[in-house]
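So the structure is just underneath, and the comments pick up after that.
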Amino acid sequence: MAFIDIGIRQGSDVHARRAPLYERGGKRVFDLAVSLALLPLILPVIIVLYCLVASTGQGGLYAHPRVGRAGKVFRCWKIRTMVPDAQAALPAILLARPDRALEWALYQKLTKDPRVIPGGHFLRRTGLDELPQIWNVLRGDMSLVGPRPVTRAELHSYGDARHAYQRVRPGVTGLWQVSGRGILLFAERASLDERYARQPSFMGDLKIIARTLPVLLRPTGY
């Protein structure tokens with residue numbers, strides 16, 4: 018697993034803080050400044066993608082409950098890449114294919130997910146489906162950089178790491194994304210989320226953002 022060093026000490030306590038001022042308010046100011054600057058560029062892309070997906074009759078946007086800071090549940094927005102009621106269809110898919118059930122248990126994802134709509138795999142591999150999350154950042158539900166937004170069921174699988182996870186806002190990108198993204202085991206993603214949540218820092222966030230675009234250009238997502 019490739020790993021980007023963002024200056025977090027191994028084994029440091031979750032309450033330890035290298036940049037408390039950044040966490041108390043600087044990170045939020047950074048999120049707003051960058052998001053507002055990017056909005057004129059991102060919004061037209063979101064509109065085009067929405068229209069393309071909506072033209073298939075699937076509905077252009079999708080929102081699903083995710084757990085945020087302090088356990089707050091919010092609606093995480095994405096461009097739709099799966100059929101409606103995809104979650105309800107999952108048990109039958111896993112039951113019919115033991116190999117897929119094993120893959121899901123390890124990764125919480127499927128490489129050839131039959132629920133993905135035409136064009137959906139491209140959007141997921143490139144991360145374009147996550148562009149609407151800029152709205153979540155502006156609202157304060159998410160940060161530009163942070164742990165992966167997870168469902169309540171996934172959070173239970175984090176074990177003791179869930180306490181660290183809930184100390185920060187989830188991110189549009191994060192340490193997990195620039196350290197392997199779709200090829201990581203679920204347990205590895207949880208470990209990276211916990212590692213980031215211990216000590217977010219301005220320089221660490223800049224490093225992760227700088228690494229995000231090159232990672233998205235490599236087809237490692239699902």
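Under our numbering, the letters of the sequence shown match residues 18 to 239, in that order.
The C-beta atom is built at its ideal place from N, Cα and C for all residues, glycine as well.
As the structure is a prediction and not an experimental result, all values here were calculated from the model.
MET220 sits away from GLY188, with the two beta carbons spaced by 9 Å or more. Setting aside the 5 residues that flank it on each side, ARG184 is surrounded in the same chain by ALA214, each with a C-beta closer than 6 Å to its C-beta; the list follows chain order. Inclusion of ILE225 and GLY191 in the CB contact set at 9 Å is warranted, their separation being smaller than that value.
Excluding the 5 residues flanking it on each side, PRO82 has same chain C-beta neighbours closer than 6 Å at VAL90, in chain order. In summary, ASP102 is exposed, with fewer than 16 beta-carbon neighbours lying within 10 Å of its beta-carbon over all protein chains present. Here the alpha carbons of LEU127 and ARG142 stand approximately 13 Å from one another. Between PRO164 and ASP210 a beta carbon distance of about 4 Å is seen, short of the 8 Å cut, so the two are scored as contacting.
Approximately 18 Å separates the beta-carbon atoms of LYS95 and ASP48; this is outside 8 Å, ruling out the contact. Judged by pairs of C-beta atoms under 8 Å, the segment 129–136 touches the segment 61–73, as three or more such pairs exist.
Boundaries for THR143: no beta strand (DSSP E) harbours it, while the alpha helix (DSSP H) harbouring it runs 137–143, taken from the DSSP string.
Every alpha helix (DSSP H) of 4 residues or more that sits fully in the segment 32–108 is shown, in chain order, as 44–71.
Counting the other Cβ atoms within 10 Å of the Cβ of LEU223 gives fewer than 16, which makes it exposed. In the three-state reduction of the DSSP assignment, VAL133 falls in the strand class. Counting only the Cα atoms, GLN125 lies some 15 Å from ARG114.
With a cutoff of 9 Å on beta-carbon distance, VAL195 and VAL232 are scored as near each other. For the options LEU230, HIS173 and GLU40, the alpha carbon positioned closest to that of GLY144 is the one of LEU230. Annotated three-state conformation of VAL189 is strand, per DSSP. Rounded to whole angstroms, the gap between the alpha carbons of LYS44 and ALA54 is 15 Å. Under the DSSP assignment, VAL232 falls outside any beta strand (DSSP E), being part of the alpha helix (DSSP H) whose first and last residues are 219–233. Checking the DSSP bridge columns, you'll see SER160 partnered with GLY188.
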